[in-house]
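Okay, so the sequence shown: first residue is 1 according to the UniProt record's numbering, each after it adds one.
Where a beta carbon is used, it is the ideal one built from N, C-alpha and C, also for glycine.
Report on the structure given below.
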Amino acid sequence: MNKPSEPAVPQIADVQGSPDTRRLDIDRVGIKGIRHPVRILARSGTEQHTVANFNMYVHLPHNFKGTHMSRFIEILNGHEQEISLGTFRQMLREMCERLEARAGHIEMSFPFFVNKAAPVTGVTSLMDYQVSYIGEIAHGQAERLTAKLVIPVTSLCPCSKKISDYGAHNQRTHVTLTAHLGTPVWIEELIELVEAQASSELYGLLKRPDEKYVTEHAYDNPKFVEDLVRDIAGALNADERLAGYVVEAENFESIHNHSAYALIEKPVRAG
1 MNKPSEPAVP QIADVQGSPD TRRLDIDRVG IKGIRHPVRI LARSGTEQHT VANFNMYVHL
61 PHNFKGTHMS RFIEILNGHE QEISLGTFRQ MLREMCERLE ARAGHIEMSF PFFVNKAAPV
121 TGVTSLMDYQ VSYIGEIAHG QAERLTAKLV IPVTSLCPCS KKISDYGAHN QRTHVTLTAH
181 LGTPVWIEEL IELVEAQASS ELYGLLKRPD EKYVTEHAYD NPKFVEDLVR DIAGALNADE
241 RLAGYVVEAE NFESIHNHSA YALIEKPVRA G
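This is how it looks when you write it as structure tokens:
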């Protein structure tokens with residue numbers, strides 16, 4: 001008996017791959033705002049399970065009508081293993097290869113948690129930090145890998161301390177560090193570098209002896225917003241793994257209805 005023949009697979013037109021005659025390159029095209037579960041590799045060797053928000057783009061030459069959007073999702077689904085800065089770089093390269101693009105851009109934003117011990121009692125609690133990895137490939141080979149972190153700290157005003165008979169005003173400060181990496185750096189290292197320059201770092205949980213220590217430590221270490229960005233920049237300049245950086249500090253003033261702000265940038269040198 002003859003076996004029935006299998007049905008023929010219909011040929012489906014590839015509209016995205018069809019030619020375009022307008023002769024206009026598109027600098028970035030892709031998917032934006034897609035959430036995906038990831039496992040972030042921490043310095044201790046453990047993994048943090050979290051959900052990241054992804055933006056993924058490639059360059060589209062003028063002669064193609066569109067890019068293949070489904071391939072971006074396929075790439076994400078293929079990276080279920082833990083993600084470090086090294087594997088993030090691999091994902092960026094794979095995206096450009098799969099989509100045959102000479103330039104690509106990936107942004108990945110996620111909350112990162114550090115288990116911190118209080119300074120006196122040692123009681124532990126989690127602190128969360130907003131982290132982004134940003135990867136770019138240009139001209140098919142030049143790569144740039146960037147880590148962007150928002151690190152909350154305490155700052156205490158030197159002027160207030162100097163002129164007041166009682167205490168000094170302090171506030172929470174958000175330090176935004178955008179570090180252009182020559183070689184991979186652990187997230188925890190960048191957090192610790194910034195926190196070491198503040199009037200005081202923050203903790204999720206403090207007992208009374210800890211609160212006394214933190215308050216007095218900040219009082220003994222007053223800093224203007226200008227002092228803070230200069231001290232952080234000095235520490236960053238000493239780290240040869242960084243190709244460049246932008247450090248920003250915003251003080252959410254406790255006695256004013258505005259913020260104080262400062263920024264220092266060290267551009268990445270060409271070549």
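**Study point:** DSSP-derived helix/strand/coil call for E100
**Key:** coil
Check your understanding: Do the region 111–131 and the region 200–210 make contact, defined as three or more Cβ pairs closer than 8 Å?
Key -> yes
**Study point:** Residue range of the unbroken alpha helix (DSSP H) whose run includes V123
**Key:** Here V123 belongs to no alpha helix (DSSP H), and DSSP marks it neither H nor E.
**Study point:** Under 7 Å between C-beta atoms of L145 and Y129
**Key:** no
Point to revise | According to DSSP, residues forming a beta bridge with T176 | key: V150, E248
Check your understanding: Apart from the five residues just before and just after E195, which ones in its own chain have a Cβ nearer than 7 Å to its Cβ?
Key -> I151, V153, E201
Check your understanding: Hey, L193 and V247: beta-carbon distance below 7 Å or not?
Key -> no
Check your understanding: Since T67 contacts V123 with CB under 8 Å, what's their CB separation in whole angstroms?
Key -> Rounded, the Cβ-Cβ distance is 51 Å, inconsistent with contact.
Review point. By Cβ distance below 8 Å, which residues in the same chain neighbour Y166 in space, the five residues on each side in sequence not counted?
Key: none
Review point. With respect to 6 Å, is the separation between the Cβ of E47 and the closest non-hydrogen atom of the ligand FAD below this value?
Key: Among the ligands in the structure shown, none appear at all, so the ligand FAD cannot be discussed.
**Study point:** With 16 other Cβ atoms within 10 Å as the buried cut-off, status of T46
**Key:** exposed
Check your understanding: Mind checking whether R35 and N55 have CB atoms under 7 Å apart?
Key -> no
Review point. Is A198 near E226, with beta carbons less than 7 Å apart?
Key: no
Check your understanding: For I264, which beta-bridge partners are listed by DSSP?
Key -> V247
Review point. With DSSP run on the structure shown, which of helix, strand or coil describes T21?
Key: coil
Review point. For the putative contact between P268 and H139, defined by C-beta atoms under 8 Å, what is the C-beta separation to the nearest angstrom?
Key: This sequence places Val at residue 268; Pro is not what is there. Contact doesn't hold; Cβ gap of about 15 Å is too wide.
Review point. Just the Cα atoms here: how many angstroms apart are E100 and R23?
Key: 18 Å
Review point. Rounded to a whole number of angstroms, what is the C-alpha to C-alpha distance between P222 and V229?
Key: 13 Å
Point to revise | Alpha-carbon spacing of P184 relative to A235, whole angstroms | key: 17 Å
Practice item. With DSSP as the reference, label E240 as helix, strand or coil. Key: coil
Exercise for review: Name, in chain order, the residues that DSSP records as bridge partners for N63.
Suggested key: Answer is none; N63 lacks a bridge partner.
Check your understanding: Run through DSSP, which three-state label would V131 get?
Key -> strand
Review point. So the beta strand (DSSP E) V29 belongs to, where does it begin and stop?
Key: 26–41
Check your understanding: Should L76 go down as buried or exposed, given a rule of 16 or more other Cβ atoms within 10 Å for buried?
Key -> buried
Practice item. Mind checking which residues open and close the alpha helix (DSSP H) that includes C157? Key: Taken as a continuous stretch (DSSP letters only), C157 belongs to no alpha helix (DSSP H), as it is neither H nor E.
Review point. Expressed to the nearest angstrom, what Euclidean distance is found between the alpha-carbon atoms of residue 272 and R172?
Key: Outside the shown range of the chain (1 to 271) lies residue 272, about which nothing can therefore be said.
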